[in-house]
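Numbering (my numbering), first residue to last: 123 to 655.
This is the structure in structure tokens:
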């Protein structure tokens with residue numbers, strides 16, 4: 123197995139995914155914010171809320187178009203770079219992606235057109251329903267994609283068919299209700315809501331600092347602060363759920379995130395700070411908070427969280443059982459059918475089949491896992507440990523930024539309630555500079571999720587090293603460079619379009635509703651916008 127091909131294939135998919143995920147969270151969150159703003163417009167009839175919906179809708183449209191352009195390529199990569207993966211699990215993994223395209227994306231794309239071109243052609247209620255359809259479609263799209271991704275993290279409702287040499291669906295309802303997928307969905311969309319809220323908060327703060335579009339900015343800030351605070355708090359709660367599920371389904375990921383090499387007595391402590399050393403297999407200068415990890419990971423005080431060393435020993439046992447399954451599978455394939463082999467062979471495969479994927483870890487070292495030495499088995503067992511230091515620090519970056527965003531949105535929520543949004547200019551500057559923070563946290567979270575399940579592309583079923591296409595290094599380097607160049611150009615275009623639209627500001631068709639000042643509006647800010655610019 124050429125590991126250069128594996129590394130380059132992983133890098134190429136990671137680059138395209140990271141670029142694509144720059145656009146997805148803002149789309150998810152802005153779609154809901156647009157629906158909230160237009161709902162207020164329909165309920166109150168105040169034209170300024172229509173102007174707000176149109177303005178933020180322009181920014182949503184720019185971001186939506188770029189998200190579509192960067193997302194299409196990712197699905198082609200499954201066939202191009204990960205052909206064995208597509209063959210092995212395509213019957214399961216392809217179904218949610220197909221449903222996402224047919225049900226969610228087509229719905230979202232159709233109603234996006236109506237949103238932009240239907241303002242003067244649809245009734246108020248009709249256009250409001252269109253906007254909510256865009257929001258629902260965006261979130262449905264995320265749901266189906268995360269059902270597919272959640273199955274990769276926890277492959278439920280499926281079984282390996284030795285006749286076809288593929289994974290097949292045994293319970294599609296179990297795939298849909300996969301607890302890991304559901305937790306990932308609500309956690310991801312909540313993070314997207316925070317991202318959009320901070321974006322709206324920061325842009326609105328910039329308008330207040332410049333003394334432009336005061337009424338629109340303050341109303342936008344109130345919506346963003348309220349929506350963002352609720353979303354930020356939900357991210358913490360839902361993140362806790364993800365940690366709890368990792369204890370059940372991805373124990374190695376949890377141990378790596380904690381830099382926990384040895385199994386400790388329950389309840390486990392949370393490591394706030396430290397320097398994981400994979401070579402020495404210890405975490406230097408670790409600072410612990412007693413009990414906390416036990417509560418997060420097990421929600422109890424007496425359940426033990428296994429450390430990396432213990433999990434490696436378990437992996438070695440499963441590799442040896444997987445070798446038995448692999449041997450039985452080869453006998454079944456040689457016979458041409460499970461019906462033409464002895465009952466003992468069938469029983470061996472049935473009893474050890476769940477560990478077949480662990481035997482495939484040996485493909486890095488030997489073509490036939492049955493010929494593996496004890497040393498190679500031990501190496502393969504340690505291959506189940508992901509890169510601990512990046513996971514350890516990425517997780518803490520994500521959590522740290524999450525805490526800061528709760529503080530930020532909570533502060534502006536209080537200022538809005540007290541009608542003091544424009545009172546502290548330094549806080550407005552903080553809001554502007556905070557705009558990139560949600561993206562940093564979201565990208566860090568994605569890396570934790572994906573790095574954490576290595577060396578598996580399908581947890582416990584298919585190692586990443588055997589899932590790739592048989593491509594040349596030169597081909598991968600060429601396409602990787604091409605993707606980076608194209609995506610960088612698209613990102614620059616996105617930023618220029620967004621900044622141009624923000625500098626231009628909203629196109630207000632009517633004078634603002636000065637008679638009903640927004641909470642937090644000072645006497646000077648209640649003048650018509652034209653008088654304050």
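The beta carbon of each residue, even a glycine, is placed where N, CA and C say it ideally should be.
CA-to-CA distance, residue 606 to residue 137, given in whole angstroms: When rounded, the separation of the alpha-carbon atoms in residue 137 and residue 606 is 7 Å.
Residue range of the beta strand (DSSP E) that includes residue 280: Start and end: 280-283.
Close beta carbons around residue 291, own chain, < 8 Å, minus the five adjacent residues each side: Correct list, in chain order: 213, 214, 217, 279, 280, 297.
Classification of residue 300 by the beta-carbon crowding that lies within 10 angstroms, buried from 16 upward: The residue in question, residue 300, is buried, as its Cβ has 16 or more Cβ neighbours within 10 Å.
Chain-order list of residues whose beta-carbon lies under 7 Å from that of residue 446 (same chain, five-residue window excluded): If we look at residue 446 and ignore the five residues flanking it on each side, its Cβ neighbours are 470, 474.
Candidates 418, 457, 608, of which the one nearest residue 380 by Cα: The shortest C-alpha separation from residue 380 is found at 418.
Boundaries (first-last residue) of the alpha helix (DSSP H) holding residue 186: Its alpha helix (DSSP H) spans residues 169-202.
DSSP bridge partner residues for residue 499 (one or two, in chain order): Paired residues: none, contrary to the question.
Option in 613, 518, 477, 547 with minimal Cα separation from residue 578: Checking every option, the nearest Cα to that of residue 578 belongs to 477.
C-beta contact flag for residue 264 and residue 531 at 9 Å: In this structure, the beta-carbon distance from residue 264 to residue 531 does not fall below 9 Å.
Collapsed DSSP secondary structure at residue 133 in the structure displayed: DSSP places residue 133 in helix when its eight states are reduced to three.
Backbone secondary structure at residue 593 - three-state DSSP: It is coil, neither helix nor strand.
Residue 165 classed as buried or exposed, judged by whether at least 16 other C-beta atoms fall within 10 angstroms: By the beta-carbon neighbour count (other beta carbons within 10 angstroms, threshold 16), residue 165 is exposed.
Cβ-based neighbour list, residue 429, same chain, cut-off 6 Å, excluding 5 preceding and 5 following: The answer, listed in chain order, is 377, 382, 383, 384, 385.
Residue 622 classed as buried or exposed, judged by whether at least 16 other C-beta atoms fall within 10 angstroms: Within a 10 Å sphere around the beta-carbon of residue 622 sit fewer than 16 other beta-carbons, which makes this residue exposed.
Residue 163 versus residue 261 - alpha carbon distance: Cα to Cα, the separation comes out at about 23 Å.
Nearest candidate by alpha-carbon position, reference residue 302, set 251, 365, 246, 256: Considering only 251, 365, 246, 256, the residue with the shortest C-alpha distance to residue 302 is 365.
Local conformation of residue 277 per DSSP, three classes: For residue 277, the three-state secondary structure derived from DSSP is coil.
Identity of the residues DSSP links to residue 601 by a beta bridge: Per DSSP, none; premise fails for residue 601.
Cα-Cα separation between residue 393 and residue 247, rounded to whole angstroms: Cα to Cα, the separation comes out at about 52 Å.
Buried or exposed (CB count within 10 angstroms, at least 16 for buried), residue 437: So residue 437 counts as buried.
Integer Cβ distance of residue 130 from residue 599, believed to fall under 8 Å: That pair is a contact at about 7 Å.
Touching by the beta-carbon criterion (3+ pairs, under 8 Å), the region 538-558 and the region 579-592: Note that the region 538-558 does not touch the region 579-592; fewer than 3 beta-carbon pairs, one per stretch, sit closer than 8 Å.
The alpha helix (DSSP H) enclosing residue 162, as first and last residue numbers: Membership of residue 162 in the alpha helix (DSSP H) is indicated by the continuous run 146-166.
Beta carbon of residue 147 nearer than 9 Å to that of residue 314: Contact: yes.
Contact the region 393-410 vs the region 343-358: 3+ CB pairs below 8 Å: Touching, no, given that fewer than three Cβ pairs across the two stretches are closer than 8 Å.
Residue 127 in three-state terms, based on DSSP: The three-state secondary structure of residue 127, taken from DSSP, is helix.
Cutoff 7 Å; reference residue 335; Cβ partners in own chain excluding five residues on either side: The answer, listed in chain order, is 329, 627, 628, 651.
Three-state secondary structure assigned by DSSP to residue 362: Helix at residue 362.
Sequence-distant residues of the same chain with beta carbon closer than 8 Å to residue 199, five excluded per side: Leaving aside the five residues that flank residue 199 on each side, the residues in its chain whose CB is nearer than 8 Å to its CB run, in chain order, 134, 135, 138.
DSSP-derived helix/strand/coil call for residue 567: In the structure shown, residue 567 sits in a helix (DSSP, three-state: H, G or I).
Buried/exposed call for residue 568, threshold 16 Cβ in 10 Å: Flag for residue 568 reads buried.
Start-to-end residues for the alpha helix (DSSP H) that takes in residue 546: Premise fails: residue 546 is in no alpha helix (DSSP H) and is neither H nor E.
CB of residue 573 within 9 Å of CB of residue 509, strictly: Between residue 573 and residue 509, the C-beta spacing is below 9 Å.
Closer than 9 Å to chain D by CB, residue 625: The structure shown has no chain D; it contains just one protein chain.
Three-pair Cβ contact test at 8 Å for the region 459-467 versus the region 484-493: No, because fewer than three Cβ pairs between the region 459-467 and the region 484-493 fall closer than 8 Å, the two stretches do not touch.
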